[in-house]
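Enquirer: In the working numbering, the protein residues as written are 46 to 432. Note that the Cβ used here is the ideal one computed from N, Cα and C, for glycine as well. For reference, the structure I am asking about is given below.
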Ligand SMILES: Nc1ncnc2c1ncn2[C@@H]1O[C@H](COP(=O)(O)OP(=O)(O)OP(=O)(O)O)[C@@H](O)[C@H]1O
Ligand SMILES: [Mg+2]
């Protein structure tokens, strides 16, 4: 049996400095190791504050893939600097800084340092800061396009296992090569070589996706019933684009490769890859009904929240380190009861960053963590209230 740790280590942000990020010209925060909540009216900068924290934790934004959007429109360089700490019995402080420079013509230059050393590849940085982010994009895990579900799983697996991150990156690089070839010339020999490698990577990726889906389903139902107090059952099922029955990776690889072979001619005709893990799906149901088709807005929010809390729990268990939990617009779509259920649930986590129009009704009755409210107006923190 795995030895239980004597104590848990929390990942926390001690200090963060923000300059020229979105509508924030200049700000400095010393967050508490509790619930930090950004409140204020619409379009004041609540999400921008949260986004700057996710940016320094992951090296990228949760709402844009174009770093240019992040630089304040009146400036040429955005800058964030943070001091993180692994707390409890062990004290281990480290700094991360990030800058985005406008290079003209919509191009940017991003620089990240970790413990004062330059980060050469973003993949080296991913996973260093243990965190779970819930953004507007994540609220569509159950209802949105398959790529949202694939990203959810890929991010989780990449955090849990660096090997997965390497393999998925390799897969997409090879897939690009294959698509390039399909468009350029009908070279079956080269295509077969690429397919063989794609099949090997696919076997590994599929098996990982399949096994994490089972783990997610179990953990999500536990959280759903005991923490979010919901009475519906969640199904989370992996639907591979290429079905396989094999047991060993070698058998699975061969099955996938034979499907690739079957489709190769038509892929050359259509000049595109038709089959593969890039088209995998996940089926999410509540009480045996497709969530996408039948779930209410509130239920969709609850399902995505539960899935993100599942990610949080799995990261915490596997890495033996409590992640920072960040959630944008956390109480929207939820009624008073569900707001309090979520609020209660968050009391048991580590350091938390939330944005909301306000705190839930009767929040003080269900409080066992320190709470600090930052009131945001026009990109500035105009008041800080300890609740
Ligand atoms: N690069 C940028 N430079 C300057 N302003 C920006 C930039 N990007 C976004 N903004 C503006 O910053 C403001 C704050 O946006 P933000 O999404 O943080 O608001 P919010 O407080 O979360 O609002 P809501 O309650 O509607 O979610 C908006 O008016 C937005 O248009
Ligand atoms: Mg917002």
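1. Between which two residues does the alpha helix (DSSP H) carrying residue 217 extend?
2. Could you tell me the alpha carbon to alpha carbon distance between residue 378 and residue 316, rounded to whole angstroms?
3. Between the region 211–227 and the region 241–258, do at least 3 Cβ pairs fall closer than 8 Å?
4. Given 8 Å as the limit, is there contact between the region 253–269 and the region 343–361, that is, 3 or more CB pairs closer than that?
5. Would the beta-carbon of residue 325 fall within 7 Å of that of residue 365?
6. Can you list the residues near ligand 2, meaning Cβ strictly closer than 7 Å to any non-hydrogen atom, in the order they appear in the chain?
7. Please state whether DSSP places residue 108 in a helix, a strand or coil.
8. Between residue 127 and residue 63, is the Cβ-Cβ spacing less than 7 Å?
9. Where in the region 265–308 do unbroken runs of the beta strand (DSSP E), each at least 3 residues long, occur, reported from the N-terminal end onward?
10. Return the CA-CA distance between residue 391 and residue 337, expressed in angstroms with no decimal places.
11. Curious, which full-length beta strand (DSSP E) runs of at least 3 residues does the region 54–109 contain?
12. What does a CB cutoff of less than 6 Å around residue 415 pick up in its chain, not counting 5 residues either side in sequence?
13. If you measure between the beta carbons of residue 99 and residue 178, is that distance less than 7 Å?
14. Over the uninterrupted beta strand (DSSP E) stretch that includes residue 425, give me the two end residues.
15. Please state whether DSSP places residue 370 in a helix, a strand or coil.
16. Between residue 363 and residue 205, which are expected to be in contact by the criterion C-beta below 8 Å, what is the C-beta distance as a whole number of angstroms?
17. For residue 340, does the three-state DSSP call read helix, strand or coil?
18. Quick check: the Cα distance between residue 156 and residue 418, rounded to an integer number of angstroms?
19. Whose C-beta lies closer than 7 Å to the C-beta of residue 403 among residues of the same chain, with five residues either side of it excluded?
20. Starting from residue 130, follow its DSSP beta bridges and name the residues at the other end.
21. Could you tell me whether any non-hydrogen atom of ligand 1 is closer than 6 Å to the CB of residue 407?
22. Take residue 123 as the anchor and find which of 93, 182, 140 has the nearest alpha-carbon.
23. List the whole-angstrom C-beta distance separating residue 91 from residue 400, where the pair is believed to meet the contact cut-off of C-beta under 8 Å.
24. Report the option in 176, 381, 420 whose CA atom is closest to the CA atom of residue 107.
25. What residue from 273, 252, 259, 349 has the CA that sits closest to residue 389's CA?
Expert: In short, the structure shows the following:
1. Working through the chain shown from its first residue, we reach residue 217 at position 172. Its alpha helix (DSSP H) spans residues 207–229.
2. Numbered from its first residue, the chain shown carries residue 378 at position 333. Numbered from its first residue, the chain shown carries residue 316 at position 271. Approximately 43 Å between the Cα atoms of the pair.
3. yes
4. yes
5. As a position in the chain shown, residue 325 is number 280, starting the count at 1. As a position in the chain shown, residue 365 is number 320, starting the count at 1. Contact: no.
6. 91, 92, 373, 374, 400
7. As a working note, residue 108 is residue 63 in the chain shown. The answer is coil: DSSP assigns residue 108 none of H, G, I, E or B.
8. The residue labelled residue 127 in the question sits at position 82 within the chain shown. The residue labelled residue 63 in the question sits at position 18 within the chain shown. No, the pair does not count as a contact, with Cβ atoms beyond the cut-off.
9. 279–284
10. In the chain shown, the residue the question calls residue 391 occupies position 346. In the chain shown, the residue the question calls residue 337 occupies position 292. Cα-Cα distance, rounded: 26 Å.
11. 54–66, 69–74, 80–84
12. By 1-based counting over the chain shown, the position of residue 415 is 370. Same-chain partners within the cutoff: 77, 79.
13. Position 54 of the chain shown holds residue 99. Position 133 of the chain shown holds residue 178. In contact: residue 99 and residue 178 (Cβ atoms closer than 7 Å).
14. In the chain shown, the residue the question calls residue 425 occupies position 380. First-last of the beta strand (DSSP E) with residue 425: 425–431.
15. Counted from its first residue, the chain shown places residue 370 at position 325. Strand, per DSSP.
16. On the chain shown, residue 363 is found 318 positions in, with the first residue counted as 1. On the chain shown, residue 205 is found 160 positions in, with the first residue counted as 1. 5 Å between Cβ atoms; contact.
17. Stepping through the chain shown from its first residue, residue 340 is reached at position 295. Looking at residue 340 - three-state DSSP - the assignment turns out to be coil, as it is neither helix nor strand.
18. Along the chain shown, one-based indexing puts residue 156 at 111. Along the chain shown, one-based indexing puts residue 418 at 373. If I take the Cα positions, the gap works out to 31 Å.
19. Translated into the one-based positions of the chain shown, residue 403 becomes position 358. The residues are 84.
20. The residue labelled residue 130 in the question sits at position 85 within the chain shown. In the DSSP output, where bridge partners are listed per residue, residue 130 has 57, 138.
21. Here the question's residue 407 lines up with position 362 in the chain shown. It does not: the Cβ of residue 407 is nowhere closer than 6 Å to a heavy atom of ligand 1.
22. The residue given as residue 123 occupies position 78 in the chain shown. For the residues 93, 182, 140, the minimum Cα distance to residue 123 belongs to 93.
23. Within the chain shown, numbered from 1, the residue matching residue 91 stands at position 46. Within the chain shown, numbered from 1, the residue matching residue 400 stands at position 355. Right, the Cβ-Cβ distance comes to about 4 Å (below 8 Å), so this counts as a contact.
24. The residue labelled residue 107 in the question sits at position 62 within the chain shown. That would be 176, whose Cα lies nearest to the Cα of residue 107.
25. Reading the chain shown from its first residue, position 344 is the one you call residue 389. Looking at the Cα atoms, 273 is the closest of the given residues.
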